[in-house]
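A short write-up of the structure that comes next.
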Amino acid sequence: MIADMPRGGPDAPRWDRWFETSRVEYLDRPDTPDEGRRVLRGLDRFQRLTLGYRSFCRLTLQQVRGVATPEILELGAGLGGLARRLVDRHPTARVTVSDVDPGVVGALRRGPLGAHPRVTPVVLDATAIDAPDGAFDVAVLTMSLHHLSPPGVVALLGEGTRVARRLLIIDGWRHPAYLAVAPLLWLTGGRPHVHDGLISLRRLYGAPALHALAGAGAAAVTVRTRFVPPGYLVAVATRDADGRRTADDGAHGRRSADAGPHDRQTATGCPDDRQTADDGPHDRRDADGDTRDRCTPDGAPPPPLSPGLLP
Numbered sequence: 001m002i003a004d005m006p007r008g009g010p011d012a013p014r015w016d017r018w019f020e021t022s023r024v025e026y027l028d029r030p031d032t033p034d035e036g037r038r039v040l041r042g043l044d045r046f047q048r049l050t051l052g053y054r055s056f057c058r059l060t061l062q063q064v065r066g067v068a069t070p071e072i073l074e075l076g077a078g079l080g081g082l083a084r085r086l087v088d089r090h091p092t093a094r095v096t097v098s099d100v101d102p103g104v105v106g107a108l109r110r111g112p113l114g115a116h117p118r119v120t121p122v123v124l125d126a127t128a129i130d131a132p133d134g135a136f137d138v139a140v141l142t143m144s145l146h147h148l149s150p151p152g153v154v155a156l157l158g159e160g161t162r163v164a165r166r167l168l169i170i171d172g173w174r175h176p177a178y179l180a181v182a183p184l185l186w187l188t189g190g191r192p193h194v195h196d197g198l199i200s201l202r203r204l205y206g207a208p209a210l211h212a213l214a215g216a217g218a219a220a221v222t223v224r225t226r227f228v229p230p231g232y233l234v235a236v237a238t239r240d241a242d243g244r245r246t247a248d249d250g251a252h253g254r255r256s257a258d259a260g261p262h263d264r265q266t267a268t269g270c271p272d273d274r275q276t277a278d279d280g281p282h283d284r285r286d287a288d289g290d291t292r293d294r295c296t297p298d299g300a301p302p303p304p305l306s307p308g309l310l311p
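Residue numbers for the sequence shown follow full-length UniProt numbering, beginning at 1 and rising by one.
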């Protein structure tokens with residue numbers, strides 16, 4: 001049953017299944033609105049402190065390279081930190097910034113994003129998106145995938161690839177080592193942020209789970225995943241031209257002829273994403289000492305812990 005699939009994937013080892021938890025975050029509980037607001041503020045501080053928004057923006061703009069006036073849909077936007085950076089970094093991008101919580105969207109409408117001529121705040125459910133087919137160049141969901149149940153992820157993959165040419169998903173990399181980020185969670189958001197952050201880390205989806213869930217929906221969806229330092233699972237989902245699953249589609253969705261097990265590879269073994277001027281701080285090392293995106297095969301252990309870890 002899809003609903004009972006472990007977050008680490010259908011073949012997750014016993015230790016990974018033990019690591020998982022069924023506890024509920026404050027953000028997902030209707031009876032803890034005050035704690036939920038504190039968590040949102042803590043998350044915003046965390047992403048600004050660790051340059052998370054910078055990385056999310058770079059990864060998003062890579063998906064619309066060459067598009068003169070990209071239409072971007074942000075799902076689960078929270079306080080809108082990514083949307084602000086997107087319109088600051090791209091002079092013509094139009095961003096529909098959305099959240100399932102009407103209170104969150106109301107705050108966005110009353111703030112600077114609500115007055116921005118290229119930003120439209122709307123209430124949207126990421127699993128049932130009220131938008132026409134192909135309305136956006138990319139839809140992006142950051143640090144929120146783990147809030148969805150496995151059937152919810154199946155719905156997200158189908159809806160996201162219906163309304164956009166590509167669905168970009170960014171979440172934390174599933175590994176117990178990242179629990180060490182707890183002190184930074186405390187500094188940025190106090191006890192509520194630690195509570196939700198540690199639960200999030202135990203409810204993250206692994207790359208094998210995403211591939212399995214992509215093969216469970218009615219639409220023929222291809223998912224390509226990679227690890228991006230310091231601790232991100234990055235997935236790009238696309239729908240096949242006819243949008244329908246056929247008998248010869250595998251369990252992980254149909255793949256193009258040049259697709260490897262998890263992505264199209266360059267000679268260096270990393271996905272073919274050229275760098276942009278908005279490259280973040282975790283990119284492959286160049287002559288000036290900066291680092292640029294590295295990637296590891298799905299299921300590989302993460303690199304040594306660093307301050308930029310994400311809940």
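Backbone N, C-alpha and C fix where the C-beta goes; we use that ideal spot for every residue, glycine too. Please read these numbers as outputs of a predicted model, since none were measured by experiment.
Between residue i and residue j, which are expected to be in contact by the criterion C-beta below 8 Å, what is the C-beta distance as a whole number of angstroms?
i: residue 5; j: residue 212; result: 7 Å
i: residue 108; j: residue 97; result: 6 Å
i: residue 202; j: residue 21; result: 4 Å
i: residue 76; j: residue 209; result: Not confirmed; about 18 Å, so no contact.
i: residue 25; j: residue 200; result: 7 Å
i: residue 38; j: residue 192; result: 4 Å
i: residue 158; j: residue 218; result: 7 Å
i: residue 184; j: residue 198; result: With 8 Å as the limit, residue 184 and residue 198 do not qualify as a contact, their Cβ atoms being about 12 Å apart.
i: residue 126; j: residue 156; result: 5 Å
i: residue 130; j: residue 124; result: 6 Å
i: residue 222; j: residue 207; result: Going by Cβ atoms, the distance from residue 222 to residue 207 rounds to 14 Å, so no, they are not a contact pair.
i: residue 19; j: residue 230; result: Contact flag wrong, Cβ pair sits at about 20 Å.
So who's on the other strand from residue i, going by DSSP bridges?
i: residue 74; result: 97 and 140
i: residue 171; result: 233
i: residue 120; result: 96
i: residue 166; result: 138
i: residue 11; result: According to DSSP, residue 11 bridges with nothing at all.
i: residue 88; result: Answer by DSSP bridge pairing: none, since residue 88 is not bridged.
i: residue 128; result: 125
Would a C-beta distance cut-off of 8 Å place residue i and residue j closer than the cut-off?
i: residue 71; j: residue 83; result: no
i: residue 118; j: residue 95; result: yes
i: residue 163; j: residue 216; result: no
i: residue 171; j: residue 148; result: no
i: residue 46; j: residue 142; result: no
i: residue 60; j: residue 92; result: no
i: residue 64; j: residue 11; result: no
i: residue 100; j: residue 121; result: no
i: residue 81; j: residue 31; result: no
i: residue 2; j: residue 112; result: no
What beta strand (DSSP E) runs, 3 residues minimum, are completely inside the stretch 175-246? 221-228 and 232-239
Counting Cβ pairs, one atom from each stretch, are 3 or more of them under 8 Å apart for the stretch 157-176 and the stretch 228-239? yes
Cβ contact check for the stretch 173-191 and the stretch 37-52: 3 or more pairs under 8 Å: yes
Output the residue ranges of the beta strand (DSSP E) runs that lie fully inside the stretch 21-53 and measure 3 residues or longer, sorted by chain position. none
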